[in-house]
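Single-structure report; data block below.
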Amino acid sequence: MFDPFGAIETLRSLAESDSQIRAAAVSGSLTDPQSTPDLFSDCDAVFFVRDLERAKQTDYPALLAPRFGGLVICQCPDAMGAEAGSAPWFTWLMQFEETRIDLRLLPVERAGWYNAMEPGLTPFLDKDGLFDGLEPTGHSLFALRRPTSREFADCCNELLWTSLYVVKGLCRGQLEYAVWHMNHCVLPELVRMVSFDRGFDSDYAVSLGAGNKYLPRLLLPGELAQWHSLHDLSGPESCAAALMLSLGLFRRHCTSAAGKLGYPMPAELDRVEQRCRRLLAEYRLF
12 MFDPFGAIET LRSLAESDSQ IRAAAVSGSL TDPQSTPDLF SDCDAVFFVR DLERAKQTDY
72 PALLAPRFGG LVICQCPDAM GAEAGSAPWF TWLMQFEETR IDLRLLPVER AGWYNAMEPG
132 LTPFLDKDGL FDGLEPTGHS LFALRRPTSR EFADCCNELL WTSLYVVKGL CRGQLEYAVW
192 HMNHCVLPEL VRMVSFDRGF DSDYAVSLGA GNKYLPRLLL PGELAQWHSL HDLSGPESCA
252 AALMLSLGLF RRHCTSAAGK LGYPMPAELD RVEQRCRRLL AEYRLF
């Protein structure tokens with residue numbers, strides 16, 4: 012079982028012994044009250060350093076490996092790709108045998124800026140009072156909020172418009188094209204509409220979490236299995252079925268959300284759904 016306090020104490024000890032590190036903090040799931048630590052939890056930490064370029068030379072994976080059962084793999088995303096070196100920080104992503112630690116290095120001058128942008132940032136070491144007087148930022152990155160009428164209408168339009176791309180791909184025999192639009196357009200907008208609908212019931216005081224991991228908490232008993240079937244896009248017929256189920260679920264949640272929020276239903280819904288059903292039937296896909 013992941014021991015978050017043990018990981019923090021190890022990082023605190025390392026930071027206290029290094030004069031370059033002036034403050035250290037954690038964020039992410041460790042400071043999220045909705046999250047329950049388990050074997051796959053990670054420790055998102057940040058060291059605020061005097062000299063970023065000098066701190067980047069420290070081999071943190073090697074320093075931490077003996078304390079966490081050895082290193083499996085690490086990645087430095089800020090040193091990869093065409094934009095390597097353009098970020099104001101440097102990050103070590105480290106998977107050890109016993110835990111995972113994502114360690115970010117930032118210059119001390121960025122402490123206030125980072126505190127304002129990083130949800131749940133919680134200092135556990137502050138040698139120079141960098142965080143004195145600073146209010147922590149809540150876990151608002153994935154928090155739900157009441158949509159404006161424009162946002163509601165845009166969600167409706169995007170899902171309905173891109174549903175026709177899925178149909179086009181299926182009817183042309185281009186499954187990859189259809190699946191891409193299901194995963195990147197239709198399903199994200201369906202999740203968005205569910206959040207508009209079910210979020211209303213808690214005054215939007217809930218979060219979807221990274222990767223929509225808390226979405227099941229918004230679903231009613233019996234809905235989860237139906238929702239999981241939307242991810243069966245393994246063939247043309249299953250993809251067509253997932254699209255039509257998506258449109259049905261969208262209609263249900265859109266109708267509910269529109270009633271709660273006092274927004275009009277999309278006039279195109281019937282026309283788009285009928286067109287999708289007709290074309291998929293003509294091509295014997297649904």
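Convert by adding 11 to the 1-based position in the sequence shown; the result is the number in this note's numbering.
For glycine and all other residues, C-beta sits at the position ideal for the given N, C-alpha and C.
Which of the three DSSP states, helix, strand or coil, is assigned to residue i?
| i | result |
| --- | --- |
| Asp143 | coil |
| Asp281 | helix |
| Leu63 | helix |
| Arg23 | helix |
| Ala35 | strand |
| Phe135 | strand |
| Ser30 | coil |
| Ala154 | strand |
| Ser40 | helix |
| Phe97 | For the record, residue 97 in the displayed sequence is Ser; it is not Phe. DSSP places Ser97 in coil when its eight states are reduced to three. |
Relative to the C-alpha of residue i, which residue among the options is closest?
| i | options | result |
| --- | --- | --- |
| Tyr274 | Cys166, Met193 and Val178 | Cys166 |
| Gly210 | Met193, Arg228, Lys224 and Gly222 | Arg228 |
| Cys54 | Gly233, Leu22, Pro277 and Trp238 | Leu22 |
| Gly222 | Gln237, Ser245, Leu198 and Ser240 | Leu198 |
| Leu116 | Gln285, Phe142, Phe79 and Val60 | Val60 |
| Phe16 | Ala56, Ala34, Leu181 and Gln45 | Ala56 |
| Ser257 | Glu120, Gly39, Val283 and Ala95 | Val283 |
| Phe163 | Arg183, Lys271, Glu20 and Ala35 | Lys271 |
| Pro48 | Arg111, Trp100 and Ala95 | Arg111 |
| Leu50 | Leu75, Asp14 and Ser174 | Asp14 |
| Ser160 | Pro277, Arg33 and Ala95 | Pro277 |
| Asp137 | Ala98, Tyr176 and Ser30 | Ser30 |
| Met27 | Val37, Phe58 and Glu94 | Looking at the sequence shown, residue 27 is not Met but Glu. It is Phe58. |
| Gln285 | Ala73, Ser174 and Ala236 | Ser174 |
| Ala34 | Tyr71, Ala73, Ala90 and Phe135 | Phe135 |
Output the distance between the C-alpha atoms of residue i and residue j, rounded to the nearest integer angstrom.
| i | j | result |
| --- | --- | --- |
| Asp281 | Met255 | 12 angstroms |
| Thr42 | Gly131 | 6 angstroms |
| Gly144 | Ser267 | 43 angstroms |
| Glu108 | Leu186 | 39 angstroms |
| Leu141 | Ala122 | 7 angstroms |
| Ala251 | His239 | 15 angstroms |
| Val178 | Tyr215 | 33 angstroms |
| Leu155 | Tyr294 | 39 angstroms |
| Arg78 | Ser46 | 25 angstroms |
| Ser249 | Cys85 | 38 angstroms |
| Leu241 | Gly39 | 29 angstroms |
| Glu146 | Gly80 | 36 angstroms |
| Trp124 | Lys224 | 28 angstroms |
| Leu181 | Ala236 | 24 angstroms |
| Val190 | Pro72 | 38 angstroms |
Counting only the same chain and skipping the five closest in sequence on each side, list residues whose C-beta sits under 8 angstroms from that of residue i.
| i | result |
| --- | --- |
| Glu169 | Cys196 and Glu200 |
| Met204 | Cys166, Cys167, Leu170, Phe261, His264, Cys265 and Ala268 |
| Thr148 | Asn126, Ala127, Met128, Glu129, Pro130, Gly131 and Leu132 |
| Leu63 | Trp100, Phe101, Leu116, Leu117 and Pro118 |
| Ala93 | none |
| Ala90 | Gly96 and Phe101 |
| Leu230 | Val205, Arg209 and Trp238 |
Counting only the same chain and skipping the five closest in sequence on each side, list residues whose C-beta sits under 7 angstroms from that of residue i.
| i | result |
| --- | --- |
| Pro88 | Thr102 and Leu104 |
| Lys67 | Phe101 and Leu116 |
| Leu226 | Val202 and Leu219 |
With residue i as the anchor, note down where its alpha helix (DSSP H) starts and where it stops.
| i | result |
| --- | --- |
| Phe58 | From DSSP, Phe58 is part of no alpha helix (DSSP H) but of the beta strand (DSSP E) over Asp53 to Val60. |
| Pro247 | Pro247 to Leu272 |
| Arg203 | Leu198 to Phe211 |
| Asn126 | Ala122 to Met128 |
| His239 | Glu234 to His239 |
| Leu230 | Leu230 -> no alpha helix (DSSP H), and no H or E assigned at all. |
Kindly indicate the opening and closing residues of the beta strand (DSSP E) around residue i.
| i | result |
| --- | --- |
| Arg78 | Element bounds for Arg78: n/a, residue is neither H nor E. |
| Met105 | Phe101 to Phe107 |
| Leu296 | Counting along the chain, Leu296 falls outside any beta strand (DSSP E), and DSSP gives it neither H nor E. |
| Leu114 | Arg111 to Pro118 |
| Thr173 | Per DSSP, Thr173 belongs to no beta strand (DSSP E); it is in the alpha helix (DSSP H), Ser160 to Cys182. |
| Leu82 | Leu82 to Gln86 |
Suppose the cutoff is 6 angstroms on Cβ atoms and the five residues either side in sequence are ignored; what does the same chain contact list for residue i look like?
| i | result |
| --- | --- |
| Glu279 | Leu171 |
| Pro158 | Phe207 |
| Leu291 | Ala251 and Phe297 |
Does any C-beta atom of chain B lie closer than 8 angstroms to the C-beta of residue i?
| i | result |
| --- | --- |
| Cys166 | Although the question refers to chain B, the structure presented lacks it and comprises just one protein chain. |
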